[in-house]
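Read through the structure below, which is laid out as C-alpha cells, and then see the notes.
Residue numbers (mature numbering (1 follows the signal peptide of the UniProt record, and there is no 0)): -20 to -1, 1 to 292.
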C-alpha cells in the first residue's frame, strides 16, 4: 500500500537534517570542496591542540665581499668636515717680504761704498741679526777701502721669496739667497741666508777688548759665512807708540782646540803713535766662539806686543 505524500515528505526532511544530505534543489559538494570547507572551519576555530605552529626561517644576513673574514664594502665618503674624515689642509700662505727689505738689501749690496752701507743700519732694529750682519760687512769693506782696495758693488736680483745677492770674486760670482725677512715696528730684524739663520754664526763684539804695551784692540764683529764657511773677524787697533802689527801671523784657536792661521789680513800694519786702524782677518773652517791672538813690535822692537781676546 503506498505511503501518503505527507508522511513521505516528513521522512525525507528528517534524513536531510540528520544525515547532511542535500535537500531538494541543493547541489552535492565534491570531495575537494568538502576538504576546503573543513580547513576553513578549523582556521576559524583556532589551531588543533597539540599541533605545532609553523616557524618562519630568518632571512640570511649579507656576507661581506670575499666571504667570511673578507674585506667589507667601503663606507661612502662623507663631505669634507664630517666626522671621521679630516679636512684637506689649506695651502700655506706665501711669506710676505717687508717693504723695508728692498732698501736694506740695496745698502748691503753697496760694497763699493761703505758709507752707503752704513746708512742702511737705520733700517734695522738695534742688536738684531739684521743689524749685526750689515754692520759686519760695513767693517769688512771699510777695512778693504782703507787699505786702498775698493770692492765692486754686488748685484741684487728680486726673487719670488726675497732677493739674490751676488758678489764678484776672482774665481767668479758668489751668490746667496736672502729670504724669510722679519720686521718689527717697521725695522728689519732678521732673515735667512741660503735657508740658514746667520744669527747663529754672528758675533757682536761690544765690550770685548785687550791691551799690551800701549796697543789696544776692540773686537767689532765676527761671522762665519754660510756659503764658504770662512770666518772673518773685524777689529780696531789703536796705539800710543809706533807699532808694527803682525796681522798675517794672527792665529785663531777654535772652540774644539784646533789652531788656524790667518789666510788673509786687511788693514794697516805700521801704525804711527796715536793712530788707529780697522782690520779684517780671514780664517777658513773654524766656528765662532774661539780666541784670537795678534802679536807685534813697538818701534825697533824694544817691546813685544801680545794681544789675546775671545771671539764670542
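Note that CB positions come from ideal geometry on N, CA and C, so glycine has one too.
A direct Cα-to-Cα measurement between residue 143 and residue 85 gives close to 8 Å. Only exposed fits residue 135, as fewer than 16 other CB atoms lie within 10 angstroms of its CB. For residue 94, the enclosing alpha helix (DSSP H) stretches over residues 94 to 99.
According to the DSSP secondary-structure assignment, residue 109 is paired through a beta bridge with no residue.
In the DSSP assignment, residue 84 falls within the unbroken alpha helix (DSSP H) covering 80 to 88. A contact is defined here as three or more CB-CB pairs under 8 Å, and the stretch 89 to 101 fails this definition with respect to the stretch 184 to 198. For residue 242, the number of other beta carbons within 10 angstroms of its own is at least 16, and it is reported as buried. With fewer than 16 other Cβ atoms from the protein chains shown falling within 10 Å of its own Cβ, residue 139 counts as exposed. In chain order, 204, 263 and 266 place their CB closer than 6 Å to the CB of residue 211, counting only its own chain and leaving out the 5 sequence neighbours on each side.
DSSP places residue 210 in the uninterrupted beta strand (DSSP E) bounded by 210 to 219. In this structure the stretch 103 to 119 touches the stretch 195 to 203; the number of beta carbon pairs closer than 8 Å is three or more. In this structure, DSSP gives residue 290 an extended state, which the three-state scheme calls strand.
Positions of the alpha helix (DSSP H) runs, each at least 4 residues long and wholly inside the stretch 131 to 168, cannot be given because no such run exists. Put simply, the backbone Cα of residue 152 is about 44 Å away from that of residue 283.
For residue 132, the number of other beta carbons within 10 angstroms of its own is below 16, and it is reported as exposed.
Contact between the stretch 223 to 243 and the stretch 267 to 280 is present, with at least three C-beta pairs closer than 8 Å. Residue 207 and residue 104 have their C-alpha atoms spaced approximately 23 Å apart. Between residue 246 and residue 219, the C-beta gap is not smaller than 8 Å, which leaves the two residues out of contact. In terms of CA proximity to residue 180, 108 leads the group 108, 288, 281 and 78. For the 8 Å CB-CB criterion, residue 285 and residue 216 do not form a contact.
DSSP, reduced to helix, strand and coil, places residue 273 within a strand of the structure shown.
In terms of Cβ geometry, residue 257 and residue 251 form a close pair [threshold 8 Å].
Within the model, the alpha-carbon separation for residue 78 versus residue 163 is close to 7 Å.
Restricting attention to 76, 106 and 120, the CA atom closest to the CA of residue 90 is found in 120.
Just so you know, the alpha carbons of residue 290 and residue 177 end up roughly 22 Å apart.
If the five residues before and after residue 189 are omitted, its C-beta is found closer than 6 Å to the C-beta atoms of 198, all from its own chain and listed in chain order. Per the coordinates, the alpha-carbon of residue 80 lies some 29 Å from the alpha-carbon of residue 268. DSSP, read as helix, strand or coil, puts residue 246 in strand. The beta carbons of residue 141 and residue 130 sit no closer together than 8 Å. In the three-state reduction of the DSSP assignment, residue 129 falls in the coil class. A direct Cα-to-Cα measurement between residue 173 and residue 281 gives close to 45 Å.
The beta carbon of residue 170 sits closer than 7 Å to the beta carbons of 108, 109, 110, 162 and 179 from its chain, once the five residues preceding and following it are set aside; these are given in chain order.
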